[in-house]
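These protein sequences, in sequence, are chains A and B. For what it's worth, my numbering labels the leading residue of the first sequence as 1, then goes sequentially. For what it's worth, my numbering labels the leading residue of the second sequence as 419, then goes sequentially. I have placed the structure first, in the form of structure tokens, so that the comments after it can refer back to it.
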Amino acid sequence: MGGGTAGTMAANKLRKELSASDWQITVIDADDDHRYQPGYLFMPFGTYQPEQVTKSRRATLNSRVDLQYGEIDVIRPEEQVVALADGREFAYDMLIIATGVSPRPDQSDGMLGEHWRDSVHEFYSYEGSVALSEKLKDWPGGRLVINIVDMPIKCPVAPLEFAFLADGFFSEKGMRDKVQMTYVTPLPGAFTKPIAAQAFGNTLEDKSIEVEADFMLMEIDNDKKALVSYDDREIPFDLLVTVPLNMGQEFIGRSGLGDELNLVPVDKFTQVSTQYDTIFALGDANNIPASKAGSVAHFEIDIFVENFMQHIAGKEMTHRFDGHANCFIETGGGKAMLIDFNYDYEPLPGKFPYAGVGPMNLLKESRINHLGKLAFRWIYWNVLMPGRPMPLPALMSLKGKRTDLLETDENKEPALSA
Amino acid sequence: MATTVINGKELAVDDEGFMTEYDQWDESIGQELATVIGVDMTDDHWKVIRFLRDDFQAKGETPTIRRVSTAGGVDTKTLFRLFPKKPAKKMSYIAGLPKPHGCV
Numbered sequence: 001m002g003g004g005t006a007g008t009m010a011a012n013k014l015r016k017e018l019s020a021s022d023w024q025i026t027v028i029d030a031d032d033d034h035r036y037q038p039g040y041l042f043m044p045f046g047t048y049q050p051e052q053v054t055k056s057r058r059a060t061l062n063s064r065v066d067l068q069y070g071e072i073d074v075i076r077p078e079e080q081v082v083a084l085a086d087g088r089e090f091a092y093d094m095l096i097i098a099t100g101v102s103p104r105p106d107q108s109d110g111m112l113g114e115h116w117r118d119s120v121h122e123f124y125s126y127e128g129s130v131a132l133s134e135k136l137k138d139w140p141g142g143r144l145v146i147n148i149v150d151m152p153i154k155c156p157v158a159p160l161e162f163a164f165l166a167d168g169f170f171s172e173k174g175m176r177d178k179v180q181m182t183y184v185t186p187l188p189g190a191f192t193k194p195i196a197a198q199a200f201g202n203t204l205e206d207k208s209i210e211v212e213a214d215f216m217l218m219e220i221d222n223d224k225k226a227l228v229s230y231d232d233r234e235i236p237f238d239l240l241v242t243v244p245l246n247m248g249q250e251f252i253g254r255s256g257l258g259d260e261l262n263l264v265p266v267d268k269f270t271q272v273s274t275q276y277d278t279i280f281a282l283g284d285a286n287n288i289p290a291s292k293a294g295s296v297a298h299f300e301i302d303i304f305v306e307n308f309m310q311h312i313a314g315k316e317m318t319h320r321f322d323g324h325a326n327c328f329i330e331t332g333g334g335k336a337m338l339i340d341f342n343y344d345y346e347p348l349p350g351k352f353p354y355a356g357v358g359p360m361n362l363l364k365e366s367r368i369n370h371l372g373k374l375a376f377r378w379i380y381w382n383v384l385m386p387g388r389p390m391p392l393p394a395l396m397s398l399k400g401k402r403t404d405l406l407e408t409d410e411n412k413e414p415a416l417s418a
Numbered sequence: 419m420a421t422t423v424i425n426g427k428e429l430a431v432d433d434e435g436f437m438t439e440y441d442q443w444d445e446s447i448g449q450e451l452a453t454v455i456g457v458d459m460t461d462d463h464w465k466v467i468r469f470l471r472d473d474f475q476a477k478g479e480t481p482t483i484r485r486v487s488t489a490g491g492v493d494t495k496t497l498f499r500l501f502p503k504k505p506a507k508k509m510s511y512i513a514g515l516p517k518p519h520g521c522v
């Protein structure tokens, strides 16, 4: 279920592994628009045009994978049946839930009020990103507030990147002095990992971006045009760019398969459902304590395919996903950082993917990292989605990383925490 | 790795004083940690702390304020009353769990 990043990779990879006479693969999705979601960050600033972030799901899937369009109504896991809203039913032997998470502005009081898509914006949906790009074209300046409602969110660094890119965007337009920027987060700070925090150093101060931390949004006051927190702080805005609460799909809750955010509880090493051994949840749709990001889905699915083959053969799954993530962070001015981390290791400085050589730099701003991020769109469509091999190991490697910066007890390679 | 001594027990902590070893915690230590940050523990406080402990064990992650409210049954307003100003940080500190974090 779901023909986005995770579902497409899983279907295409499994199609190569599974015998066509034994296994039929069907993908169900609502429409044919596969979005390159990392592009949503760039569209507001005119770096990418809407047509550059969309391809046909059908064309992105292996031709021997069946694609059905429809809204999912409910899963009946005991019967191993998926029912669609139009009445069609699909029986399954194995089910993969890869329906991601969606921004839910309806979950915050006042967000869908009179200022929605006027001075209250988001860039986590295609429509939102397009609307924000229109808004920024002739916005005269004022108080720009960037806000995260709550964690977890897709691509947790994207709001920071938005702040950095906005700083560069307004500087280039010669109007940075007309924009007052505030970054409002429910976390204890903009940076929460000590080594990364040090690497970013005074980036926010240098860019004159104020930080309001520990801010739990209670409501958006439409009369005052202000964010209001549970501890009665008010932050007025002329333009709000918020990241609404991210939730899994409603049908997951209806099917009794989700937690309070409709995320599917799974084993964090194998992504098999904690309730049914006929169900896996991949990518953003599951509840593993890793970042919700395409790179995580990619590494996870490399491991998943090996486990899945053992599982259907009635064997024990012996491969363990480590929560590996690898993300470029745009810092503005044509530069970017790169971070590489997993369940056990926070982002560390160093070289990637080859120790001593790079060419990418970890936790350090560079032009080549930025070019890597832009090149990634091509890699996404042409290498990742078709399920072609990437020259990157699925599990995180410590080679090339400055592990000496970690506190002594953690310098040793830990056994993966159970 | 830094350590601190509470109730005669040597505990592993990070540089902000958050405990780093789940199994070193017990309720008497929680009580002491609460005193350190000026929180007067009541039954309502303990209900929250016990939820945090159980949920961390089940999920491997400190629950967010939203999760404490929806899955733990203590609403956000109440959490701000019980643990003023910074409930997420104070709850996890008392419960001997890592504070909520992002990826950088």
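Every residue, glycine too, gets a C-beta built ideally from N, C-alpha and C.
- The alpha carbon of residue 449 of chain B has as its nearest neighbour, out of B/438, B/439 and B/461, the alpha carbon of B/461.
- The region 233-267 of chain A is shown to contain whole alpha helix (DSSP H) runs of 4 or more residues at 250-254, in chain order.
- Spatial neighbours of residue 282 of chain A in its own chain (CB-CB distance under 8 Å, excluding positions within 5 residues in sequence) are listed in chain order as 6, 7, 10, 96, 97, 98, 271, 297, 300, 301 and 304.
- Around residue 289 of chain A, the beta-carbon contacts reaching into chain B at under 8 Å are 477, 478 and 479.
- Look at the region 236-266 of chain A: the residues with a C-beta under 9 Å from a C-beta of chain B are 245, 259, 260, 261 and 265.
- Considering only B/521, B/522 and B/511, the residue with the shortest C-alpha distance to residue 434 of chain B is B/511.
- For residue 423 of chain B, the CB contacts under 8 Å within the same chain, skipping 5 residues up- and downstream, are 429 in chain order.
- The beta-carbon separation of residue 498 of chain B and residue 48 of chain A, rounded to 40 Å, does not stay under the 8 Å limit for a contact.
- In this structure, residue 25 of chain A lies away from residue 72 of chain A, with their beta-carbon atoms at least 8 Å apart.
- Counting the other Cβ atoms within 10 Å of the Cβ of residue 232 of chain A gives fewer than 16, which makes it exposed.
- Listed in chain order, the non-local C-beta contacts of residue 4 of chain A below 6 Å within the same chain comprise 100, local neighbours out to five positions each way being set aside.
- Within its own chain, the residues whose Cβ lies closer than 6 Å to the Cβ of residue 241 of chain A, once the five positions on either side in sequence are excluded, are 121 and 146, listed in chain order.
- With its beta carbon at least 8 Å from every one in chain A, residue 512 of chain B lies outside the interface.
- Residue burial is scored here from C-beta neighbours: residue 443 of chain B has at least 16 other C-beta atoms within 10 angstroms and is therefore classed as buried.
- Just so you know, the alpha carbons of residue 356 of chain A and residue 348 of chain A end up roughly 14 Å apart.
- Comparing alpha carbon positions, the residue from A/363, A/361 and A/354 closest to residue 391 of chain A is A/354.
- Counting only Cβ-Cβ distances below 7 Å, residue 498 of chain B has contacts in chain A at 230 and 231, in chain order.
- Of the residues assessed, residue 256 of chain A falls on the exposed side of the cut-off, its CB having fewer than 16 other CB atoms within 10 angstroms.
- Not flagged as an interface residue toward chain B: residue 44 of chain A, since no C-beta distance is shorter than 8 Å.
- Against chain B, the beta carbon of residue 347 of chain A has neighbours under 8 Å at 521 and 522, listed in chain order.
- Restricting attention to beta strand (DSSP E) runs no shorter than 3 residues, the region 26-112 of chain A encloses them at 26-29, 33-35, 54-56, 66-69, 72-76, 81-84, 89-91, 95-97 and 102-104, ordered along the chain.
- Just measuring C-alpha positions, the residue of A/368, A/306, A/318 and A/322 sitting nearest residue 334 of chain A is A/368.
- With its beta carbon less than 8 Å from one in chain A, residue 503 of chain B belongs to the interface.
- For residue 483 of chain B, the chain A residues whose Cβ falls inside 7 Å of its Cβ are 216, in order along the chain.
- In this structure residue 175 of chain A is exposed. Its beta-carbon is surrounded by fewer than 16 other beta-carbon atoms within 10 angstroms.
- The beta carbon of residue 199 of chain A lies closer than 6 Å to those of 363 in the same chain, with the five residues before and after it left out.
- For residue 65 of chain A, the closest of A/268, A/12 and A/202 by C-alpha to C-alpha distance is A/12.
- For residue 507 of chain B, the residues of chain A that pass the 8 Å Cβ criterion are 188 and 214, in the order they occur in the chain.
- Any Cβ of chain B closer than 8 Å to the Cβ of residue 220 of chain A would place that residue at the interface, and such an atom is absent.
- With respect to the 8 Å criterion, residue 215 of chain A and residue 243 of chain A are not classified as neighbours on the basis of their beta carbons.
- Between residue 346 of chain A and residue 196 of chain A, the gap from beta carbon to beta carbon is short of 8 Å.
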